[in-house]
Amino acid sequence: MSYNWGPHFIVPSDTLHSFSGTVVLRESFDNQLLDKELEELGYTGIPYSATNPWYFRKRGQETWIKIGESTDRENNFAVQWDTTKLKNGEYEIFGLMHVTLRENGNEFVVCKKNNATVHVNNKPRPIKAVY
């Protein structure tokens with residue numbers, strides 16, 4: 004049995020999947036569920052660091068473009084994404100949570116991914132008249 008320890012995409016509302024301008028992407032993970040998953044896999048390591056890189060791609064494309072990455076668990080691995088240069092439309096965002104653990108002096112990394120489909124809807128900027 005697999006446990007859904009994360010990453011969990013955090014949005015202010017379940018219905019908010021339309022982005023414009025600069026947005027902040029956040030994710031979290033659950034230590035207790037991670038421990039259960041590790042136990043099932045035969046590991047007992049202690050998590051001591053985590054990093055979460057973020058990627059995006061236009062829906063239907065195959066190549067992911069890195070947005071950034073964070074190790075700041077206290078702020079839910081927040082990364083700013085500037086969508087202003089993107090064409091309006093559907094995009095996929097992808098978080099790949101890496102958790103580094105120690106077990107008997109050895110390090111190992113587990114990771115899980117989270118995808119979400121979002122809509123970029125940047126409003127056209129008003130043109131300033133120059134006289």
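Per the numbering used here, the sequence shown starts with residue 4, numbered consecutively. Every residue, glycine too, gets a C-beta built ideally from N, C-alpha and C.
Nearest candidate by alpha-carbon position, reference Ile49, set Leu37, Gln83, Trp57: What you label residue 49 is simply residue 46 of the sequence shown in a count that begins at 1. Looking only at Leu37, Gln83, Trp57, the smallest Cα-Cα distance to Ile49 is reached by Leu37.
If we require 3 or more residues per run, which beta strand (DSSP E) segments fall completely within the stretch 67-113? Segments of the beta strand (DSSP E) lying fully in the stretch 67-113: 68-73, 82-85, 92-106.
Expressed to the nearest angstrom, what Euclidean distance is found between the alpha-carbon atoms of Lys39 and Thr54? Within the sequence shown, residue 39 is the residue found at index 36, counting from 1. Within the sequence shown, residue 54 is the residue found at index 51, counting from 1. Here the alpha carbon of Lys39 sits roughly 20 Å from the alpha carbon of Thr54.
Per DSSP, Ser23 is paired with what? In the sequence shown, the residue the question calls residue 23 occupies position 20. Paired residues: none, contrary to the question.
If you follow the alpha helix (DSSP H) that Lys61 is part of, which residue opens it and which one closes it? Translated into positions along the sequence shown, residue 61 becomes position 58. That residue, Lys61, is in no alpha helix (DSSP H); its beta strand (DSSP E) goes 49-61.
Using a Cβ-Cβ cut-off of 7 Å (strictly less than) and excluding sequence neighbours within five positions of Tyr94, which residues of its own chain qualify? As a working note, residue 94 is residue 91 in the sequence shown. Phe59, Arg60, Lys61, Arg62, Val121, Val123, listed in sequence order.
Could you say which of Thr66, Val82, Thr47, Gly98 lies nearest to Asn107 if we only look at CA atoms? Translated into the one-based positions of the sequence shown, residue 107 becomes position 104. Checked all of Thr66, Val82, Thr47, Gly98; the closest Cα to Asn107 is Thr47.
Three-state secondary structure (DSSP) of Lys116: Position 113 of the sequence shown, counted from the start, is the residue given in the question as residue 116. Three-state result, Lys116: strand.
Nearest to Thr66 by CA position, among Cys114, Phe80, Thr86, Phe97, is which residue? What you label residue 66 is simply residue 63 of the sequence shown in a count that begins at 1. Ranked by Cα distance from Thr66, the first of Cys114, Phe80, Thr86, Phe97 is Phe97.
Residue from Lys90, Lys116, Gly92, Ala81 whose Cα sits closest to the Cα of Val102: Against the sequence shown, residue 102 aligns to sequence position 99. If we check each option's Cα against that of Val102, Lys116 comes out closest.
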